[in-house]
């Protein structure tokens, strides 16, 4: 298992280095000049040149990248070009808000998607199975931002059950209950696609498991159906299910960008949207790196969990 973890950690570091290089290069291709973002369109050529020199933009790209990586290794993500604050001060509260939304959506995915897939597998090719899998296929095909607008239109505007936007009532904050009320619709919108994927994957894996000989033996021995499904069937189906859940966390971290913009949730997504429109390159770079870091760490944890659940994967990696 130690060799497996070492291999995964090294691949995680390599992925993060690759992401940092790609993000750095792509943002260099974005039209516009960061110096003009700071000074405004009426700035003189001399002042623009001075700011470019101060920011190191007059250096070659390799030198700029080395300076950027040097700052990252020291925990320095730079300063925002628009508000002149350290990027860390801007991004950390937003990052935790995104984590709150992602965790809430993930809980919905697991609590609903896994039992739904198991129930569909138990009634394979029955009416419930067909309806559930059709609903999952439809859910996986729906654009997240459109579904979010539908939720706002129905539950917020028509019924008035949930607030339309924000993380809490800015005038009269109501504590945890207020945050949870604002969290419901964004979490449901973010969970739609990954929930459908998890349900379909769980159903597929459970169908294979329930056709194994040992399951027939357990049923013939008189063991209850609930015990066969949850105690024995699900245990053997867990490794691929955990793997796909880890992948869906990555989708959630990317998908909540749209959800946060639609619902005005003060997370990384909303900040990225604002920073991209303002061409605030340091903030955009930090936001993408935060999402990439969270994605690879979650998948590292998922890989380790799969290795613990299924020793065969450890043998494959170590081989």
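Numbering (my numbering), first residue to last: 6 to 324.
For each residue, glycine too, the CB sits at the ideal point set by N, CA and C.
For residue 186, the enclosing alpha helix (DSSP H) starts and ends at 181-215. With distances taken between CA atoms, residue 103 lies nearest to 277 out of 40, 230, 277.
Distance between residue 93 and residue 81, taken at the CA atoms: about 8 Å. Buried is the label assigned to residue 304, since at least 16 other Cβ atoms lie within 10 Å of its Cβ. Inter-residue distance for residue 269 and residue 33 is about 29 Å (C-alpha atoms, whole angstroms). One alpha carbon belongs to residue 297, the other to residue 272, and they sit about 15 Å apart. For the pair residue 243 and residue 313, the CB atoms are not nearer than the 7 Å cut-off. For residue 161, the CB contacts under 6 Å within the same chain, skipping 5 residues up- and downstream, are 167, 169 in chain order.
For secondary structure counted as the beta strand (DSSP E) over 3 or more consecutive residues, the segment 102-148 holds no complete run. When the alpha-carbon of residue 233 is set against those of 31, 127, 48, 111, the nearest one is in 127. Under the DSSP assignment, residue 273 falls in the alpha helix (DSSP H) whose first and last residues are 273-283.
Distance from the CA atom of residue 295 to the CA atom of residue 217, rounded to whole angstroms, is 43 Å.
The alpha-carbon of residue 58 is positioned some 44 Å away from that of residue 307.
It is roughly 26 Å from the alpha-carbon of residue 135 to the alpha-carbon of residue 256.
Taken atom to atom, the span from the alpha-carbon of residue 188 to that of residue 137 is near 26 Å.
In this structure, the straight-line span from the alpha carbon of residue 199 to that of residue 64 is close to 43 Å. With respect to the 7 Å criterion, residue 290 and residue 20 are not classified as neighbours on the basis of their beta carbons. DSSP places residue 168 outside both helix and strand once states are collapsed to three, so it counts as coil.
In this structure, residue 311 and residue 248 form a Cβ contact; the two beta carbons are roughly 5 Å apart against a cut-off of 8 Å. The segment 180-187 and the segment 202-218 do not touch, with fewer than 3 CB-CB distances between them shorter than 8 Å. In the structure shown, the three-state DSSP call for residue 99 is helix. With a threshold of 16 other beta carbon atoms within 10 Å, residue 131 falls short and is exposed. Comparing alpha-carbon positions, the option among 124, 78, 139 lying closest to residue 230 turns out to be 124. In the three-state DSSP reduction, residue 236 falls in the helix class (H, G or I).
In the three-state reduction of the DSSP assignment, residue 84 falls in the strand class. Note on geometry: alpha-carbon atoms of residue 214 and residue 90 lie some 54 Å from one another.
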